[in-house]
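Note sheet for the following structure.
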Amino acid sequence: MKTQNMKSKNHSSRLKFIFHFISLFFLMNFLSSCGSADVKTDEAKKIVEGLLTDLKNENYDRVDDYFTSSFNQSENMEAKVQKFIRLLDTTGPIQSFEFVSEEKKYDDTSGYNQLSLIYKVKCSRTTLKETFIVVSDEGKLGIIFYNLENLEE
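Below, the structure written as structure tokens:
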């Protein structure tokens, strides 16, 4: 009987060890996939310029692809498309866009490395300064913040 209890305790100890090891593995994996990944400028510019090109061509089918999952959860695709259509009605169609500047920083609050990209966007009725913040979210780069303002020339 003692032998069986000892085997049972050893088996239980091994299971606990394996469980803790697997839990630690998943925790490390999760933490490494969080927003701490560095954002590469070239890859971030491809995302932003892809969005601007689609908006210029009035192609709204892939709008959600450019944004992070958390951004998409806060605003569905239909709402984003309606905003872009209203923006088009106000500013006129995009004629051209050009990269202006970038700034990298780490946001302590969100825990993300952020890359802020600023573009000058020439529309038929006005010129805009558009700011995009790109982060790595769940291992995928995406826009987490988007702002625009009139650019005085």
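So for the sequence shown, this note's numbering puts the first residue at 5; every next one is plus one.
Don't be surprised by glycine CBs; every beta carbon is placed ideally from N, CA and C.
### Query
Within this structure, are the beta carbons of ILE122 and VAL104 separated by less than 8 Å?
yes
### Query
If LEU182 sits next to PHE101, beta carbons under 8 Å apart, how far is it from one beta carbon to the other, in whole angstroms?
Residue numbering for the chain in the displayed model covers 5 to 157; residue 182 lies beyond these limits and cannot be assessed.
#### Entry: Beta-carbon separation (whole angstroms), THR135 vs ASN151, contact threshold 8 Å
5 Å
### Query
Can we say the region 70-79 touches the region 126-135, given the rule of at least three CB pairs closer than 8 Å?
no
### Query
Is it buried or exposed for SER140, if we count other Cβ within 10 angstroms and need 16 for buried?
SER140 sits buried, since 16 or more C-beta atoms from the chains shown fall within 10 Å of its C-beta.
### Task
Quick one: using the 10 Å Cβ neighbour count with 16 as the cut-off for buried, is ALA83 buried or exposed?
exposed
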